Amino acid sequence: MTRTARRLDRILSHLVLLLASLTICSCQSLLFSRSGSDDLVHLAVAKAASVSLKSRSTPAVTVTGKNSLTLEDCTGIALAKNLDLQLARMEEVTKAALRDGNRKKMLPHLMFAGELGERDNLGFSYSDVTGQEGRTPGPAGGVGSTGVTNFSVGHERSTWRYDLELRWSPTDAALAYYLWKSGGNDRYRAHYQKVRVAQKLIGTVESAFFHLLALQKLLPMAVRLKTLRNKVLKETEHLYEKNMKTVEDYQLANQGFLRSARTLLAIQDGFERQRNILATAMRLSPEYRVKCGFYVTGELPAPVFRADIPQLEMTAVRNRPESYEAGLNHLNSINDVHRTIVKYFPKFSGYWRYTRDKDKFLYNKDWKEVGVRATFDLTDWLTNLDESKAAKTNSAKAEGEVSAVALGITSQVREAALRYYRSVRELANAEASAKISGKVLETAKLRAGSDDITRLALLQAEANSLMEQIDRIQALGAANANLAELKAEMGTNYREPQPAS
């Protein structure tokens, strides 16, 4: 054996031993990983608690450098920091990697194998004459002589054998092709899922922003309303004691004061809830009493959006990512049907193999082979009958889901549109009431004198006008919030180009 051959044998032996050691270590880590599962759970819980605490304690000023946030600030922070959106982005990257992995499965396979075998005998034939390996050696020229004069060379009982093989199967390539196509569809589906998360997120942020902006303006008004209602109650009680007001007037004044107190509590509660929703979407602290707390700023525009509900439904079906997801699911189901068709055929594979055997008795220790192999597994073929039936049924179901998803989208959009148009009508009524109460207040101011009756009438007019203003601002905030939710249901508030194939 030459020095180069011995060096090659040594390198191959070390490589095989290294691979065996890595395999044993991997198996040990799998066997004993259960013992550390509790520690992993505790670490995960601690990580979740840390992220939650950090998110609930991060003030807006550390992110934007200011405490007053506009609508653009809120949407920008949410798109950059929201955890659900970050997870959706990672899912898109994961699906892209799986698609690329399935594409590589169509390439030829380059395999290396090392084998250490132990035989139970020396395993040699009697004769080394080709065609007469089983004949016993005998004296040359004797009766019945076969020309066999010596035994053949034996084999080592223990020997290393190495194979380097290049193999490619058109059957495996076809199966990998359909997996690659489905992987590409999964990548697009993850993209549309991310877009839908962003649409819902922006809808939540805009809705909470307009609610919070309205409630932020209503808080001082509600406090003033309660103060006015309290003055009206005291003045009415004073006049009632002088028999200048009836008991019904006193009860109405008391009910007005209680309604103003409930209104203040409702506004305070709504302020806290909407602030929490907005802060959670942006991963900021919802506190507003601390030095670095945030508040929203902007205008409450009168919504002017108008469209027929059937038009809104068709717009949503064309823009909502769920429509495309359902179509991609149907394409994946068709690919699964094609894969089951490929499995019906025998598996063909071509190979080129280089083999080296370290048996010291062999004269030629390495050789090359080229061949084609065809296999047919009856059990796999019978199993594929059921898989094919299931794939066809799933394809029919996926096709039906396309229509079901579209119907669900139209239902959601119609409900959102009805809420929006109802809030628009309520806003119109609130504005009309506020206008009338304003005229009544102006009249009360003109008629106000120094007597208790006219003073009470002015206080009641001021309280009623303020209450109508509160209702108008509430209706205005609700109309803008419902419009934001309608745009989210239509899928028009956020768009992102489809990734390149």
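Residue numbers (this note's numbering): 14 to 514. For glycine and all other residues, C-beta sits at the position ideal for the given N, C-alpha and C. Quick caveat, the model's predicted, so the values are computed rather than measured.
> With distances taken between CB atoms, is the gap from GLU335 to VAL208 smaller than 8 angstroms?
Replying inline: Locating residue 335 in the sequence shown gives position 322, where the first residue counts as 1. Locating residue 208 in the sequence shown gives position 195, where the first residue counts as 1. In this structure, VAL208 does not lie closer than 8 angstroms to GLU335 by Cβ.
>> ILE322 and ALA501 - do their beta-carbons sit closer together than 8 angstroms?
In response: Residue mapping note: residue 501 aligns to position 488 of the sequence shown, counting from 1. Residue mapping note: residue 322 aligns to position 309 of the sequence shown, counting from 1. In this structure, ALA501 sits away from ILE322, with a CB-CB distance that is not shorter than 8 angstroms.
> How about VAL1 and ALA476: are their beta carbons less than 8 angstroms apart?
Replying inline: Because the chain here runs from 14 to 514, residue 1 falls outside it and cannot be looked at.
> Are three or more beta carbon pairs between the segment 192–207 and the segment 91–103 nearer than 8 angstroms?
Replying inline: Contact between the segment 192–207 and the segment 91–103 is present, because at least three Cβ pairs lie under 8 angstroms.
> Are at least three pairs of beta-carbons, each pair with one atom in the segment 113–124 and one in the segment 180–196, less than 8 angstroms apart?
Replying inline: These segments touch.
>> Contact defined as beta carbons within less than 8 angstroms: I believe ASP484 pairs with SER446. What is the distance between those atoms, to the nearest angstrom?
In response: Numbered from 1 along the sequence shown, position 471 holds the residue referred to as residue 484. Numbered from 1 along the sequence shown, position 433 holds the residue referred to as residue 446. With 8 angstroms as the limit, ASP484 and SER446 qualify as a contact, their Cβ atoms being about 7 angstroms apart.
> Applying the criterion that 16 or more other CB atoms from any shown protein chain within 10 Å of the CB defines a buried residue, is GLU128 buried or exposed?
Replying inline: In the sequence shown, residue 128 corresponds to position 115, counting from 1. GLU128 should be labelled exposed.
>> Between ASN95 and ARG296, how many whole angstroms is the CB-CB distance? I'm expecting something under 8 angstroms.
In response: Taking the first residue of the sequence shown as 1, we reach residue 95 at position 82. Taking the first residue of the sequence shown as 1, we reach residue 296 at position 283. That pair is a contact at about 7 angstroms.
> With a Cβ-Cβ cutoff of 8 angstroms, do ASP372 and THR172 count as a contact?
Replying inline: One-based indexing of the sequence shown puts residue 372 at position 359. One-based indexing of the sequence shown puts residue 172 at position 159. Contact flag set, yes.
> Which residue comes first and which comes last in the beta strand (DSSP E) that contains ASP176?
Replying inline: For the purposes of this step, residue 176 is taken as the residue at position 163 of the sequence shown. Per DSSP, ASP176 belongs to the beta strand (DSSP E) from 171–181.
>> For a quick check, are the C-beta atoms of MET119 and ALA211 less than 8 angstroms apart?
In response: Position 106 of the sequence shown, counted from the first residue, corresponds to residue 119. Position 198 of the sequence shown, counted from the first residue, corresponds to residue 211. Their beta carbons are not under 8 angstroms apart, which means MET119 does not touch ALA211 by this criterion.
>> Using only CA atoms, which one of PRO121, GLY340, LEU398, LEU271 lies nearest to TYR357?
In response: The sequence position of residue 357 within the sequence shown is 344, counting from 1. By alpha-carbon distance to TYR357, the top candidate from PRO121, GLY340, LEU398, LEU271 is LEU398.
> Whose CA, out of ARG180, THR184, ALA203, GLY283, lies closest to the CA of VAL106?
Replying inline: Taking the sequence shown and counting its residues from 1, one reaches residue 106 at position 93. It is ALA203.
>> Could you give the first and the last residue of the continuous beta strand (DSSP E) run that contains MET124?
In response: In the sequence shown, the residue the question calls residue 124 occupies position 111. Membership of MET124 in the beta strand (DSSP E) is indicated by the continuous run 122–131.
> With which residues is ARG386 paired in a DSSP beta bridge?
Replying inline: Here the question's residue 386 lines up with position 373 in the sequence shown. For ARG386, which the question treats as bridged, DSSP gives the partners SER362.
> In angstroms, rounded to a whole number, what distance separates the CA positions of SER441 and LYS410?
Replying inline: As a first step, residue 441 must be located in the sequence shown, where it is residue number 428. As a first step, residue 410 must be located in the sequence shown, where it is residue number 397. Note on residue identity: the sequence assigns Ala, not Ser, to residue 441. When the Cα atoms are used, ALA441 and LYS410 turn out to be separated by approximately 46 angstroms.
> Based on the DSSP secondary-structure assignment, which residues constitute the bridge partners of THR368?
Replying inline: The residue you call residue 368 lines up with position 355 of the sequence shown. Partner(s): ASP176, TRP380.
> Alpha carbon to alpha carbon, how far is THR467 from THR77?
Replying inline: For this step, residue 467 is matched to residue 454 along the sequence shown. For this step, residue 77 is matched to residue 64 along the sequence shown. Cα to Cα, THR467 sits roughly 52 angstroms from THR77.
> For LEU44, which of helix, strand or coil comes out of DSSP?
Replying inline: Translated into positions along the sequence shown, residue 44 becomes position 31. With a pLDDT of 48 at LEU44, under the threshold of 50, the predicted position of this residue should be treated as unreliable, though the coordinate-derived value follows. Correct three-state label for LEU44: helix.
> Should PRO510 be flagged as near chain D, meaning a C-beta pair shorter than 8 angstroms?
Replying inline: The chain inventory of the structure shown lacks chain D, comprising one protein chain alone.
> Considering only residues of the same chain and omitting the five flanking positions on each side of PRO316, which have a CB-CB separation below 7 angstroms?
Replying inline: Looking up residue 316 in the sequence shown gives position 303. Result list for PRO316: VAL437, ALA492, ASN493, LEU496, in chain order.
> Smallest Cα separation from VAL383: which of PRO183, LEU241, THR396, ARG366?
Replying inline: On the sequence shown, position 370 is the one that residue 383 refers to. Nearest of PRO183, LEU241, THR396, ARG366 to VAL383, Cα basis: ARG366.
> If you draw a straight line from the alpha carbon of LEU44 to that of GLU131, how long is it in whole angstroms?
Replying inline: Position 31 of the sequence shown, counting from 1, holds the residue named residue 44. Position 118 of the sequence shown, counting from 1, holds the residue named residue 131. Confidence at LEU44 is low in this model, with a pLDDT of 48, below 50, so the placement of that residue is unreliable and no value is reported for it.
> Straight-line CA distance for ASP464 to CYS87?
Replying inline: Taking the sequence shown and counting its residues from 1, one reaches residue 464 at position 451. Taking the sequence shown and counting its residues from 1, one reaches residue 87 at position 74. The C-alpha of ASP464 lies about 52 angstroms from the C-alpha of CYS87.
> Alpha carbon to alpha carbon, how far is ARG319 from ASP393?
Replying inline: Working through the sequence shown from its first residue, we reach residue 319 at position 306. Working through the sequence shown from its first residue, we reach residue 393 at position 380. ARG319 and ASP393: Cα-Cα distance of roughly 60 angstroms.
>> Would THR368 and ARG174 qualify as a contact pair, given that the criterion is a beta-carbon distance under 8 angstroms?
In response: Here residue 368 refers to the residue found at position 355 of the sequence shown. Here residue 174 refers to the residue found at position 161 of the sequence shown. Yes, they are a contact pair.
>> Less than 8 angstroms between the C-beta atoms of GLN287 and HIS224, yes or no?
In response: Against the sequence shown, residue 287 aligns to sequence position 274. Against the sequence shown, residue 224 aligns to sequence position 211. With contacts defined as CB atoms closer than 8 angstroms, GLN287 and HIS224 qualify as a contacting pair.
> Would the beta-carbon of LEU82 fall within 8 angstroms of that of GLU248?
Replying inline: On the sequence shown, position 69 is the one that residue 82 refers to. On the sequence shown, position 235 is the one that residue 248 refers to. Between LEU82 and GLU248, the C-beta gap is not smaller than 8 angstroms, which leaves the two residues out of contact.
>> With distance defined between alpha-carbon atoms, name the residue in LEU123, ALA109, GLY490 nearest to GLY283.
In response: In the sequence shown, the residue the question calls residue 283 occupies position 270. For GLY283, the closest alpha carbon among the candidates LEU123, ALA109, GLY490 is that of GLY490.
> Over what stretch of residues does the alpha helix (DSSP H) that includes GLU400 continue unbroken?
Replying inline: For the purposes of this step, residue 400 is taken as the residue at position 387 of the sequence shown. Run containing GLU400: 391–460, per the alpha helix (DSSP H) assignment.
> Below 8 angstroms between beta carbons: does that hold for ASP176 and ALA126?
Replying inline: Mapped onto the sequence shown, residue 176 falls at position 163. Mapped onto the sequence shown, residue 126 falls at position 113. For ASP176 and ALA126, yes; Cβs fall inside 8 angstroms.
> Which of helix, strand or coil does DSSP assign to TYR308?
Replying inline: Taking the first residue of the sequence shown as 1, we reach residue 308 at position 295. Reduced to three states, the DSSP call for TYR308 is strand.
> When the Cα atoms are used, what is the spatial distance from GLU481 to THR293?
Replying inline: One-based indexing of the sequence shown puts residue 481 at position 468. One-based indexing of the sequence shown puts residue 293 at position 280. About 32 angstroms.
>> I need the boundaries of the alpha helix (DSSP H) containing THR293, first residue and last residue.
In response: Counting from one through the sequence shown, the residue named residue 293 turns up at place 280. For THR293, the enclosing alpha helix (DSSP H) covers residues 260–295.
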